[in-house]
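Visitor: Residue numbers (the working numbering), protein chains in the order written: chain A, 1 to 361; chain B, 362 to 722; chain C, 723 to 972.
Dropping the structure here:
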C-alpha cells in the first residue's frame with residue numbers, strides 16, 4: 001500500500017463524539033494530512049438568541065454543551081451581569097463556584113469515560129459514568145435536572161440550596177476522592193493505557209500558544225494559564241488551589257492535567273462549602289440593560305470560553321458572540337495528528353474532549 | 362462417558378436393526394439385499410461416527426454460547442453492571458441474538474467483489490468449526506484423533522487470516538481494508554511464537570496428538586510448571602490470535618468502525634461473531650491441553666468436567682485481561698509479537714530442550 | 723530546554739507498579755463487590771431512581787389556581803405554551819395554558835414565573851407517545867396533583883438594598899415588591915380594554931374628576947390595585963395608545 005488514501009472519519013463514526021468529519025490522508029497506517037470539518041451540527045445559536053429575551057437565553061446556553069452545561073449558562077449570566085452592571089450576592093457566588101467545580105468534575109469524568117471507549121476499555125467508561133452519577137444526583141437535588149440545569153440566573157442563582165445540601169456534598173466528595181485512585185489504577189497503572197498515550201499527539205508550548213489551544217490541553221504543554229487564577233471571576237481569587245500543569249505536551253500529560261484538576265476541584269468545593277455565607281441568592285434585575293457591550297470569559301472544562309455581548313437597550317441582546325474552546329482546539333488538531341498512526345486518532349481526539357454542540361453552535 | 366462411542370454404536374446397531382427388520386417385514390424380495398447391507402459393519406461405523414460428530418458439534422456450539430454468556434455476565438460484574446437479562450440468568454440472550462441476526466437482511470455492498478465477499482465469511486466460519494473436531498474432550502470423547510492433531514489444528518487455525526484479509530479486501534471499504542491488513546499482520550506476527558511454544562511442548566512430550574500430550578502430562582507433570590514462560594507467551598499470543606481486547610485492533614471500533622467486518626451483516630456477521638468465540642474457546646482449550654494437563658484431575662468427576670472447568674478458568678482470565686486493559690496499537694502489537702514473544706518462546710524452547718537432554722522428565 | 727526534550731516527570735504515586743496487575747486488582751475487587759452486593763445499575767422499567775420533588779419533568783397545572791395571566795406563555799423560550807379556551811363545570815369558560823410537550827425543554831421557567839404557583843414542575847418524565855397529537859397536553863391533560871415540592875419558589879433581594887450589606891429578601895411575587903403599571907394619562911383614551919383584559923380584576927376605571935369637553939361626560943382612567951396585580955403585562959400589550967408602561971422596582 002504505497003499509495004496514500006483519504007479516509008473520512010465522520011460525520012457518522014464512533015470516534016467523532018458528535019457530528020463532525022475528520023479527513024485524514026494515510027500512508028499505510030501513518031497519517032500524512034488531516035483536515036477537520038465541522039458544520040454538521042450548526043443550529044444558528046448566535047442568531048437564535050437575538051430573538052430571545054435575556055432570561056430566555058439561559059436554558060439555551062445550557063444546551064451549548066451537554067457535558068458542561070453549567071459553565072455555559074454561567075458564562076452567559078456573567079456576560080449579562082456585566083451588561084446589566086449588577087453585582088451578584090455573595091452567597092450566590094459561592095454556590096455558583098461550587099457548582100462550576102462539580103460540573104468540572106462531572107465533565108472530566110465523562111471525558112475520561114469517552115477516552116476509555118475510544119481506547120477500547122468499557123471498564124473505564126462505566127466506572128467514569130458511575131462516579132459521575134454522584135455529582136448528577138447532587139445537581140438533581142439542587143435544581144431538579146441532571147444535565148441541563150437552568151440554575152444560574154442573571155443576578156444570582158435560581159433557588160437557595162436545599163437543607164441537607166452541604167452534608168450531601170461533603171459525603172459525595174468523601175466517597176469520590178478515593179475513587180480517583182481506582183480510575184488512575186485503570187489508566188495510569190495499566191501499561192497499555194500508557195503505551196497508547198505517552199508521546200502521542202505531542203505539541204510544544206510555542207505551537208500550543210500559536211494555535212490558540214486553551215484549557216487542559218494547553219496546560220499539558222507547560223503553559224501555566226488558568227483563567228480562574230489569572231482573570232478571576234466569581235470568588236476564585238479568595239480560594240486556595242493549584243493550577244495543574246505538565247510539561248510533556250502529549251496525550252498522557254493532558255490526561256494527567258485533567259485528573260489533577262479533579263482533585264483540585266474537590267479542594268475548591270470543600271473551601272466553598274466552608275466559607276459559604278448566609279444571605280440572599282438572587283437579586284431582581286431590570287428587564288432591559290443599558291446600552292453597551294461586555295465580555296466575559298471563564299475557564300471551561302475544555303478551555304477558555306468567552307462571550308461577547310452587545311446590548312442596544314432593548315430586552316433582547318443585539319449580538320452575542322461565543323468563543324468556544326473546542327472550536328479552536330479542534331483546528332489545532334492537525335498539528336497533533338500528523339505523523340501519528342491511524343490508531344492514535346481516537347486517542348488524540350478523545351483526549352481533546354470534543355463537544356460538537358459548542359463547536360458548531 | 363468413556364462408553365459414549367460404544368453406547369452410540371449399540372444405539373445405531375439397534376436403529377439399523379430396526380430398519381433392517383422393517384425392510385424384511387415388507388417381504389419385498391428385492392430389498393433383502395439392502396436389509397443385509399444395512400446391518401454390515403461399515404454402515405454401523407458410519408452412522409455411529411455421524412452421531413458422535415453431531416453430538417460433539419452441538420455440545421461444542423453450546424460451549425461457544427456458554428462462553429458468550431460467561432463473557433457478558435462476567436464483564437458485567439467486572440464493570441459494576443448486570444450483563445444480559447434475557448431469560449434464565451441472561452442465557453437466552455444468545456438465542457435472541459441468533460434469531461435476530463437470522464432474520465436480518467443479507468446485504469452485499471454494490472462495489473464489493475461478491476464471490477470473495479461471500480467466500481471469506483464461509484472460510485472463517487468453516488475453519489473455526491473444523492477446528493472443533495480436532496480438539497478432544499477426553500481420551501474417549503473426540504471426533505478425530507490423528508497422530509498429527511496438533512499440527513492439523515494449528516494449520517487450520519492459521520487459515521483464518523487469509524479469510525479475514527480476503528474479506529477485508531473484497532468489501533471495497535477503506536476501513537475494512539485497513540482492518541484486514543491489520544488482522545493479517547497481527548495473526549502472522551503472533552502465529553510464530555505460538556508455533557515455537559507448541560514445538561517446545563512437542564519436544565517435551567514427544568507426541569503430536571492431544572491425547573498423547575495430555576497422557577504425558579498425566580504421567581509426569583503439568584507442563585505449566587517447567588514451561589511457565591511458554592504458558593505466559595502462549596496465553597498472550599492466544600488472546601491476540603482470538604482478536605480480543607487488548608489485541609482487537611482488526612475490529613478496533615473506535616477508529617475502524619468495525620474493522621474488516623464493517624460490511625458484513627445479518628446472519629453472516631452473527632456466525633463470524635460466533636466463530637470468534639469458538640476460536641477463543643479453541644485457544645483456551647489449547648492452553649488447557651498443552652499446559653494445564655487437559656482432563657487430568659482427581660477421579661471423582663468425569664475427565665470432561667475437569668477439562669471444561671480448566672477451559673472456563675482460562676477464559677475467565679481472558680475476560681479479566683479484557684476488562685483491565687485498553688486496546689494497543691498495530692505497531693505495538695507487532696513489536697510485542699516479534700521482539701518480546703518470539704525471544705521468549707525461543708527461550709522457552711531452549712528450556713524444553715535442556716530439560717529433555719538432561720532427562721529430568 | 724525545549725518541550726520535546728523534556729520527559730514526563732513521574733511522580734511516585736503514578737509510577738506503574740507492575741504492568742497491568744493494579745488495574746486487574748481494581749477490576750477484580752469490583753467483580754467481588756458486584757457479585758456479593760448488587761451492581762450499581764438500576765433495572766430501569768422495574769426500578770427507578772428516587773428523585774426529589776423538585777425534579778423537573780413535564781409541567782403540570784392546577785386549574786383552579788390558574789388565573790390565565792399568560793406569563794408562562796411569555797417566558798417560554800421554546801414558545802410551546804399557548805392559551806386555549808376550555809369549558810369545565812367548575813370554572814365555566816376560561817382560558818388555560820396548553821403545552822406542546824414534544825417541544826418543551828423542561829426548563830421550568832413557566833412554573834418559576836407563575837404568580838399563583840398554579841403551574842408547577844412534576845417529576846413525570848416518561849412522556850413517549852405514539853404520535854405527535856398525544857404530546858399536545860391540553861389544560862385538562864396537563865393537570866397534575868399538587869404537592870408543595872413541585873412549586874418553584876425563590877426569594878430575591880433588590881439591588882438598591884444590596885449596597886447596604888445583608889439585604890432583606892422577598893418571596894416570589896411579593897405584592898409589595900413587584901413591578902407596577904404606570905399610566906401616561908395624556909395618551910389614555912379611556913377605552914377600558916385594560917380593565918376588560920386584566921385576569922385578576924385589579925384594574926378599575928375610576929373617574930378623574932374632569933369632564934370631556936365635547937361629550938360633557940366624566941373621563942375615566944384605569945386605576946391599579948397593586949395588591950392584586952401580578953404584572954402579567956397584558957394591559958400593557960393590549961393598550962392601543964401605548965399609554966401604559968411598567969415601572970420596575972429595583
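Beta carbons are placed, not taken as given, at the ideal position from N, Cα and C, and that holds for glycine.
The structure displayed is predicted, hence computed values, not measured ones.
Kindly say whether residue 742(C), judged by its beta-carbon, lies nearer than 8 Å to any beta-carbon of chain B.
Guide: In the third chain, residue 742(C) corresponds to position 20, counting from 1. For residue 742(C), the answer is yes, since a Cβ of chain B falls inside 8 Å of its Cβ.
Visitor: Is there a Cβ from chain C that is less than 8 Å from the Cβ of residue 660(B)?
Guide: Looking up residue 660(B) in the second chain gives position 299. No, residue 660(B) does not count as interfacial toward chain C.
Visitor: Please list the partners that residue 140(A) has in chain C, where partner means a Cβ-to-Cβ separation under 7 Å.
Guide: As a working mapping, residue 140(A) is identified with position 140 in the first chain. What residue 140(A) touches in chain C: 773, 774 and 777.
Visitor: So with CB distances below 7 Å, who are the chain C contacts of residue 182(A)?
Guide: Stepping through the first chain from its first residue, residue 182(A) is reached at position 182. Under the 7 Å cutoff, chain C gives 748.
Visitor: Who are the Cβ neighbours of residue 733(C) in its own chain at under 8 Å, not counting the five residues just before and after it?
Guide: Looking up residue 733(C) in the third chain gives position 11. For residue 733(C), the pLDDT reaches just 42, beneath the cut-off of 50, and the residue's location in the model is therefore unreliable, although a value from the coordinates is still provided. Closer than 8 Å at the Cβ level, and outside the excluded window around residue 733(C), lies no residue.
Visitor: I'd like the list of long-range same chain contacts for residue 901(C), defined as Cβ closer than 6 Å, with 5 residues on each side in sequence excluded.
Guide: Position 179 of the third chain, counted from the first residue, corresponds to residue 901(C). These residues qualify, in order along the chain: 953, 968, 970 and 971.
Visitor: In its own chain, which residues sit with a C-beta less than 8 Å from the C-beta of residue 446(B), not counting the 5 before and 5 after it?
Guide: Residue mapping note: residue 446(B) aligns to position 85 of the second chain, counting from 1. So the list reads 454, once near-sequence residues are dropped.
Visitor: If you draw a straight line from the alpha carbon of residue 780(C) to that of residue 44(A), how long is it in whole angstroms?
Guide: Along the third chain, one-based indexing puts residue 780(C) at 58. Along the first chain, one-based indexing puts residue 44(A) at 44. If I take the Cα positions, the gap works out to 26 Å.
Visitor: Going by DSSP, what residue range makes up the alpha helix (DSSP H) through residue 526(B)?
Guide: Numbered from its first residue, the second chain carries residue 526(B) at position 165. Start and end: 521-531.
Visitor: Within a Cβ cutoff of 6 Å, which residues of the same chain sit near residue 549(B), ignoring the five residues on either side of it in sequence?
Guide: For this step, residue 549(B) is matched to residue 188 along the second chain. Cβ within range, chain order: n/a, list empty.
Visitor: Quick check: is the beta carbon of residue 724(C) nearer than 8 Å to any beta carbon in chain A?
Guide: In the third chain, residue 724(C) corresponds to position 2, counting from 1. Its pLDDT being 39, under 50, residue 724(C) is placed unreliably by the model, and the measurement read from it follows with that caveat. Judged by the 8 Å Cβ criterion, residue 724(C) is in contact with chain A.
Visitor: Starting from residue 139(A), follow the beta strand (DSSP E) in both directions and report where the run begins and ends.
Guide: Residue numbering aside, residue 139(A) sits at position 139 when the first chain is read from its first letter. Looking at the DSSP string, residue 139(A) is not in any beta strand (DSSP E); the run it does join, the alpha helix (DSSP H), is 122-143.
Visitor: What is the residue span of the alpha helix (DSSP H) that residue 562(B) lies within?
Guide: Indexing the second chain from 1 puts residue 562(B) at position 201. Residue 562(B) -> alpha helix (DSSP H) spans 535-566.
Visitor: So, helix, strand or coil for residue 480(B), using DSSP?
Guide: Along the second chain, read from residue 1 onward, the residue named residue 480(B) stands at position 119. In the structure shown, residue 480(B) sits in a helix (DSSP, three-state: H, G or I).
Visitor: Report back the beta-carbon spacing between residue 123(A) and residue 439(B) to the nearest angstrom; my notes put them in contact at under 8 Å.
Guide: Numbered from 1 along the first chain, position 123 holds the residue referred to as residue 123(A). Numbered from 1 along the second chain, position 78 holds the residue referred to as residue 439(B). Rounded, the Cβ-Cβ distance is 7 Å, consistent with contact.
Visitor: Interface residues of chain C around residue 681(B) at Cβ under 9 Å?
Guide: Walking along the second chain from the start, residue 681(B) turns up at place 320. Correct list: 746, 749, 750 and 753.
Visitor: As an exercise, report each continuous alpha helix (DSSP H) stretch of at least 4 residues that is fully enclosed by the region 646-709 of chain B, in chain order.
Guide: Here the runs fully enclosed are 664-685 and 691-696.
Visitor: Look at the Cβ atom of residue 258(A), then the Cβ atom of residue 108(A), and state whether they are nearer than 8 Å.
Guide: As a working mapping, residue 258(A) is identified with position 258 in the first chain. As a working mapping, residue 108(A) is identified with position 108 in the first chain. Against a cut-off of 8 Å, the Cβ pair of residue 108(A) and residue 258(A) comes out as a contact.
Visitor: Can you say whether residue 726(C) is buried or exposed, counting buried as having 16 or more other CB atoms within 10 angstroms of its CB?
Guide: The count along the third chain starts at 1 and reaches residue 726(C) at position 4. Its pLDDT being 37, under 50, residue 726(C) is placed unreliably by the model, and the measurement read from it follows with that caveat. Residue 726(C) should be labelled exposed.
Visitor: Given that residue 756(C) touches chain B, what residues does it touch there, using C-beta distances under 9 Å?
Guide: The residue labelled residue 756(C) in the question sits at position 34 within the third chain. Those within 9 Å of residue 756(C) in chain B are 437, 438, 439, 440, 441, 442 and 443.
Visitor: Does the region 458-466 of chain B come close enough to the region 778-794 of chain C that 3 or more CB-CB pairs lie under 8 Å?
Guide: The region 778-794 of chain C, when compared against the region 458-466 of chain B, does not touch it at the 8 Å Cβ threshold.
Visitor: Report yes or no: is there a C-beta of chain C within less than 8 Å of the C-beta of residue 502(B)?
Guide: For the purposes of this step, residue 502(B) is taken as the residue at position 141 of the second chain. Judged by the 8 Å Cβ criterion, residue 502(B) is not in contact with chain C.
Visitor: Using the Cα positions of residue 407(B) and residue 395(B), report the straight-line distance between them to the nearest angstrom.
Guide: Counting from 1 along the second chain, the entry for residue 407(B) is found at position 46. Counting from 1 along the second chain, the entry for residue 395(B) is found at position 34. Spanning the two alpha carbons is a distance of roughly 16 Å.
Visitor: Note down, in chain order, each residue of its chain lying with its Cβ closer than 8 Å to the Cβ of residue 237(A), except the 5 sequence neighbours on either side.
Guide: For the purposes of this step, residue 237(A) is identified with residue 237 of the first chain, where counting begins at 1. Cβ within range, chain order: n/a, list empty.
Visitor: Roughly how many angstroms lie between the CA atoms of residue 652(B) and residue 520(B), to the nearest whole one?
Guide: Taking the first residue of the second chain as 1, we reach residue 652(B) at position 291. Taking the first residue of the second chain as 1, we reach residue 520(B) at position 159. For residue 652(B) and residue 520(B), the distance between alpha carbons rounds to 24 Å.
Visitor: Can you name the residues that DSSP bridges to residue 865(C)?
Guide: If you number the third chain from 1, residue 865(C) lands on position 143. The partner list for residue 865(C) (beta bridge, DSSP) reads 783(C).
Visitor: Report the rounded CA-to-CA distance for residue 187(A) versus residue 755(C), giving the unit in angstroms.
Guide: Reading the first chain from its first residue, position 187 is the one you call residue 187(A). Reading the third chain from its first residue, position 33 is the one you call residue 755(C). Spanning the two alpha carbons is a distance of roughly 20 Å.
Visitor: Just verifying my parser: in three-state terms, what is the DSSP assignment at residue 52(A)?
Guide: Start at 1 with the first residue of the first chain, and residue 52(A) comes out as number 52. Of the three classes helix, strand and coil, the one that applies to residue 52(A) here is coil, per DSSP.
Visitor: Bridge partners for residue 6(A) per DSSP, in chain order?
Guide: Here residue 6(A) refers to the residue found at position 6 of the first chain. DSSP output for residue 6(A) lists 25(A) as bridge partner(s).
Visitor: From the DSSP secondary-structure annotation, give me the bridge partner or partners of residue 820(C).
Guide: In the third chain, counting from the first residue as 1, residue 820(C) sits at position 98. DSSP, once it has assigned bridges, lists 804(C) as partnering residue 820(C).
Visitor: Could one say the Cβ of residue 811(C) lies closer than 8 Å to chain B's Cβ atoms, at least one of them?
Guide: Translated into the one-based positions of the third chain, residue 811(C) becomes position 89. No, because no Cβ of chain B sits closer than 8 Å to the Cβ of residue 811(C).
Visitor: Under a CB-based cut-off of 8 Å, is residue 830(C) close to chain A?
Guide: Translated into positions along the third chain, residue 830(C) becomes position 108. Yes, residue 830(C) counts as interfacial toward chain A.
Visitor: In whole angstroms, what separates the C-alpha of residue 211(A) from that of residue 140(A)?
Guide: Taking the first chain and counting its residues from 1, the one referred to as residue 211(A) is at position 211. Taking the first chain and counting its residues from 1, the one referred to as residue 140(A) is at position 140. Cα to Cα, residue 211(A) sits roughly 38 Å from residue 140(A).
Visitor: Could you name the residues of the same chain whose beta carbon sits closer than 8 Å to that of residue 347(A), not counting the 5 residues immediately before and after it, in chain order?
Guide: One-based indexing of the first chain puts residue 347(A) at position 347. Here the set comprises 115, 118, 119, 196, 197, 200, 201 and 251.
Visitor: Closer than 8 Å is the cut-off here; do at least three beta carbon pairs connect the region 895-914 of chain C with the region 941-948 of chain C?
Guide: Output reads yes: the region 941-948 of chain C touches the region 895-914 of chain C.
Visitor: For my contact list, residue 162(A) and residue 142(A) are in at a C-beta cut-off of 8 Å; report their separation, rounded to the angstrom.
Guide: Numbered from 1 along the first chain, position 162 holds the residue referred to as residue 162(A). Numbered from 1 along the first chain, position 142 holds the residue referred to as residue 142(A). Their Cβ separation, rounded to whole angstroms, is 7 Å, which keeps residue 162(A) and residue 142(A) in contact under 8 Å.
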